[in-house]
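Structure first, then comments.
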């Protein structure tokens, strides 16, 4: 992905004084990113395995942390190559950071503020979405957005996000966010569109009828909990019945 160095960066001295991480997250089209704490990046454990994925790993890490190179190197033909590696390295670090407690909190704040946009589905009533990826390895697919109401994924509405790698958000973050912060899950009535012709519903058996509507149906948590209790109670009663039958058999054998 090419870095957008347009109107978002104004004033040479101001840009030079800005840390690389803050500068990167302030670029146009980078609203999905949050600033990763330098302490997280400085912990080598959090970077395990990334040196085998990112080319010019050492130089890219120095750029992210605003460190002066330890020694002059001639193996980097162009600084733009290091910039591309720094972007990829930061993205993969970002994937790991946003599933930590601090990262989840920062992304939850951005979600609440609506920084990630809204669901394009009409019946979701502009529910806020979060960025997600369908793969954890880079270079496979671009970022998508996940709606916690219809529980489906969509391509971002704005084309400025279409070049962001989905691996920079990964497959875990979106679902962990709503698991840790269940109060963020919207409480919107579960409405499904019903296609009609002259006011008559189209049969599901029709060639142009609705398909698999049950995929969008939500089970009420209270009903689900009650069903679970019923299953466990039934299992307990079956176990007790088996124990009683075993006791009766033992008594018959003794007599």
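In UniProt numbering, the protein residues as written are 1 to 255.
Here a beta-carbon is modelled for each residue, glycine too, at the ideal position from N, C-alpha and C.
C-alpha gap between residue i and residue j, whole angstroms
| i | j | result |
| --- | --- | --- |
| residue 147 | residue 69 | 43 Å |
| residue 20 | residue 106 | 18 Å |
| residue 156 | residue 134 | 14 Å |
| residue 137 | residue 196 | 43 Å |
| residue 44 | residue 189 | 46 Å |
| residue 50 | residue 28 | 26 Å |
| residue 31 | residue 206 | 44 Å |
| residue 153 | residue 81 | 32 Å |
| residue 101 | residue 184 | 16 Å |
| residue 258 | residue 58 | An answer regarding residue 258 cannot be provided, because it is not within the stretch 1 to 255 covered by the chain. |
| residue 192 | residue 121 | 11 Å |
| residue 7 | residue 26 | Per-residue confidence for residue 7 stands at a pLDDT of 42, beneath the threshold of 50, marking its modelled position as unreliable; the derived number appears in the next sentence. Computed Cα separation, rounded: 11 Å. |
| residue 10 | residue 34 | Its pLDDT being 44, under 50, residue 10 is placed unreliably by the model, and the measurement read from it follows with that caveat. Straight-line Cα distance between these residues: approximately 20 Å. |
Residue i - containing alpha helix (DSSP H), residue span
| i | result |
| --- | --- |
| residue 58 | 57-64 |
| residue 90 | 79-97 |
| residue 152 | No alpha helix (DSSP H) contains residue 152, which is instead part of the beta strand (DSSP E) from 152-154. |
| residue 25 | 20-26 |
| residue 105 | 101-112 |
| residue 41 | 38-42 |
| residue 157 | Counting along the chain, residue 157 falls outside any alpha helix (DSSP H), and DSSP gives it neither H nor E. |
Distance CB(residue i)-CB(residue j) smaller than 8 Å
| i | j | result |
| --- | --- | --- |
| residue 98 | residue 169 | yes |
| residue 129 | residue 140 | no |
| residue 67 | residue 167 | no |
| residue 85 | residue 116 | no |
| residue 132 | residue 173 | yes |
Nonlocal neighbours in the same chain, by C-beta distance under 7 Å from residue i, ignoring five residues either side
| i | result |
| --- | --- |
| residue 88 | 54 and 138 |
| residue 161 | 29, 32 and 143 |
| residue 5 | Per-residue confidence for residue 5 stands at a pLDDT of 45, beneath the threshold of 50, marking its modelled position as unreliable; the derived number appears in the next sentence. Cβ neighbours of residue 5 beyond the five flanking positions: none. |
Sequence-distant residues of the same chain with beta carbon closer than 6 Å to residue i, five excluded per side
| i | result |
| --- | --- |
| residue 18 | none |
| residue 181 | 108 |
Own chain, CB closer than 8 Å to residue i, minus 5 neighbours either side, in chain order
| i | result |
| --- | --- |
| residue 46 | 40, 93, 96 and 97 |
| residue 36 | 21, 90, 93, 94, 97 and 103 |
| residue 65 | 20, 38, 41 and 42 |
Residue range of the beta strand (DSSP E) that includes residue i
| i | result |
| --- | --- |
| residue 144 | 144-147 |
| residue 131 | 130-132 |
Three CB pairs or more closer than 8 Å across the segment 176-184 and the segment 102-116: With a cut-off of 8 Å, the segment 102-116 and the segment 176-184 count as touching, because enough Cβ pairs lie within range.
Any chance the segment 194-203 sits against the segment 117-131, with 3 or more Cβ pairs inside 8 Å? no
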